[in-house]
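With my numbering, letter number 42 in the sequence shown gets 118, and the count goes up by one each step, no holes. Cβ coordinates follow ideal geometry from the N, Cα and C atoms, glycine included. A short worksheet on the structure shown next.
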Amino acid sequence: LYGDTNSTLAGAIAASKLHIPIVHIEAGLRSFNKSMPEEINRIMCDHVSTLLFSPTETGLANLIREGFKEAALPPWSSDNPKIYHCGDVMYDNTLYFAQMAEEKSEILEAHGLIS
77 LYGDTNSTLA GAIAASKLHI PIVHIEAGLR SFNKSMPEEI NRIMCDHVST
127 LLFSPTETGL ANLIREGFKE AALPPWSSDN PKIYHCGDVM YDNTLYFAQM
177 AEEKSEILEA HGLIS
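Below, the structure written as structure tokens:
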């Protein structure tokens with residue numbers, strides 16, 4: 077599951093009830109403002125996930141503060157999850173596809189913005 081939307085939480089709840097292992101991308105991100113719906117979604121998704129991939133070192137530290145263990149040994153489950161710092165997947169994709177778009181797109185030239 078990716079992110080912190082209501083649909084992400086719905087997927088986490090459904091998978092958890094069906095005992096399907098959950099991988100949460102963007103785990104550990106926190107605003108520390110529980111009046112934000114996304115904050116509740118983040119926390120709940122993290123706490124039912126089997127594998128948690130944090131985009132930042134701060135996110136990883138947040139998970140550790142919440143009781144997740146960095147050195148969890150297999151078998152991994154929602155009761156014994158594995159946490160990782162993986163970098164920002166969206167940022168990496170933006171860099172990758174921006175370069176590809178610049179190389180292949182003709183829209184800027186068509187509007188006389190580049191020659």
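- For V124, there is no enclosing beta strand (DSSP E), as DSSP marks it with neither H nor E.
- DSSP places I183 in the uninterrupted alpha helix (DSSP H) bounded by I183 to A186.
- F144 and I101 do not touch by the CB rule: their CB atoms are close to 15 Å apart, not below 8 Å.
- Closest in alpha carbon position to Y160, among N138, T170 and M120, is N138.
- For I101, the three-state secondary structure derived from DSSP is strand.
- A contact between stretches requires three or more CB pairs, one per stretch, nearer than 8 Å, and the segment 146-157 fails this requirement with the segment 166-185.
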